[in-house]
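Residue numbers (my numbering), protein chains in the order written: chain V, 1061 to 1244; chain U, 57 to 99.
Where is the CB? At the ideal position from N, CA and C, for every residue including glycine.
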Amino acid sequence: MKKKIRKIFTKYKWFLVILAGNLTLLLLRPSLGFYSLSLSWKYVLEMLSVVSLVFIMMGLMDVWIPKETMMKYLGKGVKFKGGLFAFLLGSFSSGPFYAAFPISGMFLEKGVSLANIFLFLSACSTAKIPMALFESDQLGIKFTGIRFVLNTMGIIFLALVIDKTTSKQEQEIMHQKVCEISEK
Amino acid sequence: MMMGVATFPLEADYFRKKTALRRNALSLAVAIITSCLIGVIMR
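Below, the structure is given as structure tokens:
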């Protein structure tokens, strides 16, 4: 019983920390606490709406796209084209950054190369086209253009460094971990 | 830029702590260099 409770506490520690923080704030400064609690609730709903859709999409991709196809377009053998495809996939995606991790996990499970996974992840966080359009409107085309080019160079460098510095053994452990998560 | 403190636990779940730390550290370095370069170019 104690083990089970400890397991639940470990699993939901961040949720419990935020809940405790909100409740403390609610007791000490009710107006601020209520505002904080309503904001937290808003983000929980937002996250649930995004994550549920991501998981449905992932389930469909898992069934419809075989491992061989994924490896053909994003695997280790496909260097430039695979990288470009992963970058574009990340650039044209919408939604928050945390939604990209389960997708990356699925990529890892399907045998996509680590460089392409990190290209996708970094493009998701930095080189989103919808965000760049909004950015150019607010900060100017020159700024957005320079930032986009420099960040793209940074993303390529980062993906290559991580790919080269991660050993096969580490990649295998990562693969096992992702398989464990998807089995849960 | 590509760094995420709030998303770190989730990232560590998928890619292990070591790889997540390495990615975030490299991202921070790239972000600093990019910011400095933008500052120099836009001056």
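For T1226 (chain V), no alpha helix (DSSP H) segment is defined, and its DSSP state is neither H nor E. Counting only Cβ-Cβ distances below 9 Å, L93 (chain U) has contacts in chain V at I1206, L1210, in chain order. Counting C-beta atoms within 10 angstroms of its own C-beta, S1109 (chain V) has fewer than 16 neighbours from the protein chains shown and is therefore classed as exposed. Going by C-alpha positions, S1091 (chain V) is about 40 Å away from M1117 (chain V). The alpha-carbon of I1065 (chain V) is positioned some 13 Å away from that of L1076 (chain V). Between the alpha carbons of T90 (chain U) and A1219 (chain V) lies a distance of about 16 Å. Distance from V86 (chain U) to G1214 (chain V) at the Cβ level is roughly 4 Å; contact confirmed, criterion being Cβ atoms closer than 8 Å. Closest by C-alpha distance to L1179 (chain V), out of V:Q1229, V:S1151, V:T1225, is V:S1151. With its beta carbon at least 8 Å from every one in chain V, F64 (chain U) lies outside the interface.
Taking the Cα positions, V1221 (chain V) is about 23 Å away from I1206 (chain V).
The beta carbon of F1145 (chain V) sits closer than 7 Å to the beta carbons of Y1133, L1134 from its chain, once the five residues preceding and following it are set aside; these are given in chain order.
With a threshold of 8 Å between beta carbons, I88 (chain U) makes no contact with chain V.
K1136 (chain V) sits in coil when the DSSP states are folded into three classes, being neither helix nor strand. Counting along the chain, the unbroken alpha helix (DSSP H) around I1065 (chain V) starts and ends at 1062-1071. Check the Cα spacing between K1136 (chain V) and each of V:G1171, V:L1181, V:C1239: the tightest is with V:G1171. The three-state reading of DSSP puts R99 (chain U) in coil, since its state is none of H, G, I, E or B. The shortest CA-to-CA distance from F1140 (chain V) to any of V:S1173, V:T1225, V:D1122, V:I1163 is the one to V:S1173.
G60 (chain U) carries a coil assignment under DSSP once its states are collapsed to helix, strand and coil. Residues of chain U with a Cβ closer than 7 Å to the Cβ of W1074 (chain V) are, in chain order, P65. Relative to A68 (chain U), the option among U:R99, U:A76, U:L93 whose CA is nearest is U:A76. Flagged as an interface residue toward chain V: R78 (chain U), by a C-beta distance shorter than 8 Å.
Just measuring C-alpha positions, the residue of V:I1189, V:L1193, V:G1165, V:E1106 sitting nearest L66 (chain U) is V:G1165. At a beta-carbon threshold of 8 Å, the residues of chain V lying near R72 (chain U) are E1230, I1233, M1234, K1237, ordered along the chain.
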